[in-house]
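What follows is one structure encoded as structure tokens, with my remarks underneath.
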Amino acid sequence: MASYDLALQLGADYIEQDVHMTADGALVVMHDATLDRTALGRDGSATGPVAHKTLDELRRCDVGSWFNQEFPHFARPEYPLMTVPSLDEVFTRYGRTANYYIETKHPESYPGIEEELVRLITGHGLAGRPEATPWGVVVQSFSPVSLRRVHELAPALPLIQLFSVQDSASVQANLAEVRSYASGIGVFKTSVDHGLVAAAHACDLCIHAYTVNDQRAMKRLVGFGIDGVFTDLPDRLDDVLHARRTRKRATLG
Ligand code: CA
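Heads up: take any position in the sequence shown, counting from 1, add 174, and you land on the numbering used here.
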């Protein structure tokens, strides 16, 4: 929640949720499929798959201490109080004040994840929000099976097909297929070139790149005409976009 608060404060257009399912069927927001890297239990390190824990067990883990250790220059004393949020809690906290970019992670391990996701989005009144620009909720996945399932359940929800690290040509070969169920693609930053951006746009697909934290790469992608980037540092992207607008104005002036 602390990272979402800060991202929104820094002007992020979307907050991203990597979603897993607990042993008792709750959707929780966490990057990894296992606890080992980022969670501490009461008696030391917590281990094992999220899928083997109940929501209550996850709520008893501290998921902030690892961050303070890993990033001492960003550390804050309140982070060790952070726990794994459920998707329901994230929606409740931000409601319609945020836009959500939700990833079904390892969906093949979580039967029913798509049904529960659509139920929560609908239950919180987040589907079909005309006031949100461009979309209030986007669902992304590396799994075409998962995205097609979401598309069946909620045909109006915009979907993003993710691609693992690969070259521009091999992503382009999939675009005709992807446009039958998705509104865009999410690709690794080094896949992006002018050809890929043009091919995606020609298929009416938007194109986003992950995960871009240095400004040189941001500038390069913006120069290619990318529609968005995933970043841990949204204020850096804002600086790049602001500098570009200022330069453009100067050129026009
Ligand atoms: Ca993700």
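Where a beta carbon is used, it is the ideal one built from N, C-alpha and C, also for glycine.
Note to self: On the CB-based measure, 16 or more other CB atoms within 10 Å of its CB, does Ser315 come out buried or exposed?
What the structure shows: Taking the first residue of the sequence shown as position 1, residue 315 is located at position 141. Ser315 comes out buried.
Checklist line | Cut-off 6 Å between Cβ atoms - residues of its own chain near Val292, not counting five sequence neighbours on either side | finding: Locating residue 292 in the sequence shown gives position 118, counting from the first residue. Excluding positions up to five away in sequence, the list reads Leu327, Ala328.
Item checked: Nearest residue (CA-CA) to Thr278, options Ala301, Phe248, Ser320 -> Looking up residue 278 in the sequence shown gives position 104. Residue nearest to Thr278 within the set Ala301, Phe248, Ser320 is Ser320 (criterion: CA-CA distance).
Check: So is Val339 buried or exposed if we call it buried at 16+ other beta carbons inside 10 Å?
Finding: As a working note, residue 339 is residue 165 in the sequence shown. By the neighbour-count rule (16 or more Cβ atoms within 10 Å), Val339 is not buried but exposed.
Next item on the list: Please find out if some non-hydrogen atom of ligand 1 comes closer than 6 Å to the beta-carbon of Asp406.
Entry: Working through the sequence shown from its first residue, we reach residue 406 at position 232. It does not: the Cβ of Asp406 is nowhere closer than 6 Å to a heavy atom of ligand 1.
Margin query: For Phe404 and Thr385, which I take to be in contact (beta-carbon distance under 8 Å), what is that distance rounded to the nearest angstrom?
Written below: Locating residue 404 in the sequence shown gives position 230, where the first residue counts as 1. Locating residue 385 in the sequence shown gives position 211, where the first residue counts as 1. So it is a contact: roughly 5 Å between Cβ atoms.
Item checked: Short Cβ contact (7 Å threshold) for Asp406 with Ile381 -> In the sequence shown, counting from the first residue as 1, residue 406 sits at position 232. In the sequence shown, counting from the first residue as 1, residue 381 sits at position 207. No; because the gap between Cβ atoms is not below 7 Å, this pair is not in contact.
Checklist line | Check your reading: residues with Cβ closer than 6 Å to ligand 1 heavy atoms | finding: Residues with a Cβ closer than 6 Å to any heavy atom of ligand 1, in chain order: Glu190, Asp192, Glu277.
Notebook entry, point to check: Taking C-alpha atoms, which residue in Gly269, Glu252, Ser283 lies nearest to Ala429?
Noted result: Outside the displayed span of the chain (175 to 427) sits residue 429, for which this structure offers no information.
Check: When you compare only the Cα positions, how much space is there between Leu331 and Asp217?
Finding: Taking the sequence shown and counting its residues from 1, the one referred to as residue 331 is at position 157. Taking the sequence shown and counting its residues from 1, the one referred to as residue 217 is at position 43. Looking at the two C-alpha atoms, the distance is approximately 42 Å.
Notebook entry, point to check: Between Tyr355, Ser342, Leu184, which lies nearest to Lys363 when the distance is taken from Cα to Cα?
Noted result: Along the sequence shown, one-based indexing puts residue 363 at 189. Of the residues Tyr355, Ser342, Leu184, the one whose Cα lies closest to the Cα of Lys363 is Ser342.
Notebook entry, point to check: Got a sec? Which residues, its chain only, sit under 7 Å from Ser283 by beta carbon, not counting five neighbours each side?
Noted result: Position 109 of the sequence shown holds residue 283. Excluding its 5 nearest sequence neighbours in each direction, Ser283 has C-beta neighbours in its own chain below 7 Å: Ala225, listed in chain order.
Margin query: Taking the straight line between their C-alpha atoms, what separation do you get for Asp192 and Gly199?
Written below: Within the sequence shown, the letter at position 18 stands for residue 192. Within the sequence shown, the letter at position 25 stands for residue 199. Those two C-alpha atoms are separated by around 16 Å.
Next item on the list: Determine the direct distance from the alpha carbon of Ala391 to that of Gly238, and round the result to whole angstroms.
Entry: Translated into positions along the sequence shown, residue 238 becomes position 64. Translated into positions along the sequence shown, residue 391 becomes position 217. Each residue's alpha carbon lies about 28 Å from the other.
Check: Going by the beta-carbon positions, is the gap between Val324 and Val312 smaller than 7 Å?
Finding: For this step, residue 324 is matched to residue 150 along the sequence shown. For this step, residue 312 is matched to residue 138 along the sequence shown. Not closer than 7 Å, so no.
Next item on the list: Using DSSP bridges, identify the partner residues of Gly360.
Entry: Along the sequence shown, one-based indexing puts residue 360 at 186. As DSSP reads the structure, Gly360 sits in a beta bridge with Leu336, His382.
Checklist line | Under 7 Å between C-beta atoms of Leu336 and Gly369 | finding: To locate residue 336, count along the sequence shown from 1; it is residue 162. To locate residue 369, count along the sequence shown from 1; it is residue 195. It is not a contact, given that the beta carbons lie outside the stated cut-off.
Checklist line | Per DSSP, cross-strand counterpart(s) of Met195 | finding: Position 21 of the sequence shown holds residue 195. Answer is Leu201, bridged to Met195.
Notebook entry, point to check: Since Glu429 sits in a beta bridge, which residues does DSSP pair it with?
Noted result: What is shown of the chain runs 175 to 427, which leaves residue 429 out entirely.
Notebook entry, point to check: Who are the near neighbours of Gly222 in its chain, counting only those whose CB is closer than 8 Å to its CB and skipping five residues on each side?
Noted result: The count along the sequence shown starts at 1 and reaches residue 222 at position 48. If the five residues before and after Gly222 are omitted, its C-beta is found closer than 8 Å to the C-beta atoms of Thr208, Leu209, Asp210, all from its own chain and listed in chain order.
Check: Assuming Asp187 and Asn242 make a contact with CB atoms under 8 Å, what is their CB distance in whole Å?
Finding: The residue labelled residue 187 in the question sits at position 13 within the sequence shown. The residue labelled residue 242 in the question sits at position 68 within the sequence shown. About 27 Å separates the two Cβ atoms, so there is no contact after all.
Notebook entry, point to check: Would the beta-carbon of Val258 fall within 7 Å of that of Leu232?
Noted result: Here residue 258 corresponds to residue number 84 of the sequence shown, with the count starting at 1. Here residue 232 corresponds to residue number 58 of the sequence shown, with the count starting at 1. The beta carbons of Val258 and Leu232 sit closer together than 7 Å.
Checklist line | Three-way DSSP call (helix, strand, coil) for Pro281 in this model | finding: Sequence index remark: in the sequence shown, residue 281 carries index 107 (1-based). Correct three-state label for Pro281: helix.
Checklist line | Any alpha helix (DSSP H) of 4 or more consecutive residues that is wholly inside the region 206–246 | finding: At a cut-off of 4 residues, the continuous stretches assigned as alpha helix (DSSP H) that sit fully inside the region 206–246 are 229–233, 239–244.
Margin query: Considering just the uninterrupted stretch of the beta strand (DSSP E) at Ser315, what are its terminal residues?
Written below: Against the sequence shown, residue 315 aligns to sequence position 141. Boundaries of the beta strand (DSSP E) harbouring Ser315: 311–315, taken from the DSSP string.
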